[in-house]
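Reading the sequence shown from the start, the letters are residues 0 to 271 in numbering that gives the first Met the number 0. Built from N, CA and C at the ideal position, the CB exists for glycine as well. On a predicted model such as this, the values are computed, not experimentally measured, just so you know.
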Amino acid sequence: MDISASLVKELRQKTGAGLMNCKKALLESNGNIEESIKFLREKGLATASKKADRSANEGRIFIQSASDQKQSLVIEVNCETDFVASNNEFLDFGNKVAKSVLENNNIKSSDDLSEISFDGKNYDDLISEYTVKLGEKIGVGKFKRISSEAPIHSYIHSNGKIGTAVSFSGSVEEGIGKSVAMQVAASNPTYVSSATVDKDEIDKERDIIRQQAKNEGRPDQVIEKIVEGRIAKYYKEVCLLEQPFIMDDKKAIKEILPNQVTIEDFTRFSIG
Numbered sequence: 000m001d002i003s004a005s006l007v008k009e010l011r012q013k014t015g016a017g018l019m020n021c022k023k024a025l026l027e028s029n030g031n032i033e034e035s036i037k038f039l040r041e042k043g044l045a046t047a048s049k050k051a052d053r054s055a056n057e058g059r060i061f062i063q064s065a066s067d068q069k070q071s072l073v074i075e076v077n078c079e080t081d082f083v084a085s086n087n088e089f090l091d092f093g094n095k096v097a098k099s100v101l102e103n104n105n106i107k108s109s110d111d112l113s114e115i116s117f118d119g120k121n122y123d124d125l126i127s128e129y130t131v132k133l134g135e136k137i138g139v140g141k142f143k144r145i146s147s148e149a150p151i152h153s154y155i156h157s158n159g160k161i162g163t164a165v166s167f168s169g170s171v172e173e174g175i176g177k178s179v180a181m182q183v184a185a186s187n188p189t190y191v192s193s194a195t196v197d198k199d200e201i202d203k204e205r206d207i208i209r210q211q212a213k214n215e216g217r218p219d220q221v222i223e224k225i226v227e228g229r230i231a232k233y234y235k236e237v238c239l240l241e242q243p244f245i246m247d248d249k250k251a252i253k254e255i256l257p258n259q260v261t262i263e264d265f266t267r268f269s270i271g
C-alpha cells in the first residue's frame, strides 16, 4: 500500500522515530498508527523515542576535508549535555556523519541524510543506535561545504564548540591559513571584504551615522568626514580582510596574505 507523507510525519511526531523506521512500521501495519507505534517499540526503538521531545542544544562542530584539502565540510552535531559531547562514542558518531556527508555531494540538508549509508547502516538506524548507547537525544544540525581550487584551511576551538573553514584564491602557508581560520573563530566577521557588504546596509549605516553627527551638533562641513571615518571602522569590525590581525593588530588580515592571494569564502559554526 502507499504510505502518505502526512501519515509518516504523524508517526514521527508521536514516536520520535526516524523517517525510514516510521515508513517501515506503517507498511508492516497497513497504515495503522497504533500498530505502528507498537511495532517500533517491539523493535527496540522505544528508548530512543522517549527522548525525542527533549532539547539537544549541546554538541560539537566537526570538520572533514578531502585528501587534497580542496573541499571541506563543517557540520554541527547535537546532543543534550556537554558531558556526552565529550564522550568518545559521540565523537565517533560525529566523525562518521561528517565523513559520509562530505563524500556525498547530493546531500544538501539534514533532511537528505536518509539517502546515504553509514558503514552499511541507514541514518535512522544509526541515530537510534547511538541514542541508546549515549542515553541522550542526538542529531545533525546545519552544515556547509566549501570548495576551492586551492587548499582550504580550518580550525576547531579546543572545546569543539566553534569550527571554521577558509578558502583562498591561491596557496598559503599552513601557519597563515590556520591563523586566518583562528581569526574567524575569534572575531566572527560577517563579510569577506568591504566589496561584499550589502549596499543597502551601508547606505542605512551612513544615514544613521550622519544623523548621529547632526544630533551631536557637528558642523555640516565635517559630518561627511565623520561618516567616512566611522564606516571605515565599521568595515574593520565586520569584514575579515579589513580586520586587525589578532596576532599583530598593526596589520590587517589582507596584509598578512601572499601577493595576489585573497580570501574567497569562509564559514563559522558555533554551538550555543
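CA-to-CA distance, residue j to residue i, given in whole angstroms
i: Ile245; j: Val237; result: 14 Å
i: Lys143; j: Ala24; result: 32 Å
i: Ile255; j: His152; result: 15 Å
i: Ile137; j: Val83; result: 10 Å
i: Val100; j: Ile207; result: 44 Å
i: Ala251; j: Leu39; result: 57 Å
i: Thr14; j: Ile36; result: 7 Å
i: Arg11; j: Ser186; result: 40 Å
i: Leu240; j: Lys253; result: 5 Å
i: Arg205; j: Ile262; result: 26 Å
Residue i (DSSP reduced to helix, strand or coil)
i: Met0; result: coil
i: Gly138; result: strand
i: Asn87; result: helix
i: Asn258; result: coil
i: Arg217; result: coil
i: Gln63; result: strand
i: Asn104; result: coil
i: Lys42; result: coil
i: Gly93; result: helix
i: Ser5; result: helix
Host beta strand (DSSP E) of residue i (start-end)
i: Asp162; result: The identity of residue 162 in the sequence shown is Gly, whereas the question assumes Asp. Segment Ile161 to Phe167, the beta strand (DSSP E) holding Gly162.
i: Val76; result: Gln70 to Cys78
i: Asp248; result: Asp247 to Ala251
Residues near residue i by beta carbon distance below 6 Å, same chain, minus five either side
i: Thr46; result: Summary for Thr46: the model assigns pLDDT 47, below 50, so the residue's position carries little reliability; its value from the coordinates is reported in the next sentence. The answer, listed in chain order, is Val131.
i: Gln70; result: Ser146
Spatial neighbours of residue i in its chain, beta-carbon cut-off 7 Å, leaving aside the 5 residues before and after
i: Val260; result: Phe167, Ser168, Gly169 and Val171
Close Cβ partners of residue i (< 8 Å) along its chain, the five nearest in sequence each way excluded
i: Asn29; result: Met0
i: Thr195; result: Cys238
Run of the alpha helix (DSSP H) containing residue i, from where it starts to where it stops
i: Ala157; result: It should be pointed out that residue 157 corresponds to Ser in this sequence rather than to Ala. From DSSP, Ser157 is part of no alpha helix (DSSP H); its letter is neither H nor E.
i: Cys21; result: Leu18 to Glu27
i: Ile115; result: Looking at the DSSP string, Ile115 is not in any alpha helix (DSSP H), and its letter there is neither H nor E.
i: Gln182; result: Glu173 to Ser186
i: Val191; result: Note, Val191: premise wrong, no alpha helix (DSSP H); not H, not E.
i: Ile342; result: Beyond the ends of the chain as shown, which are 0 and 271, falls residue 342; an answer cannot be given.
- prompt: Between the segment 160-171 and the segment 55-67, do three or more beta carbon pairs fall short of 8 Å?
  reply: yes
message: Pairs of beta-carbons, one from the segment 82-93 and one from the segment 122-136, closer than 8 Å: are there three or more?
response: yes
query: Quick one: any contact between the segment 224-231 and the segment 172-181, if contact means 3 or more CB pairs under 8 Å?
result: no
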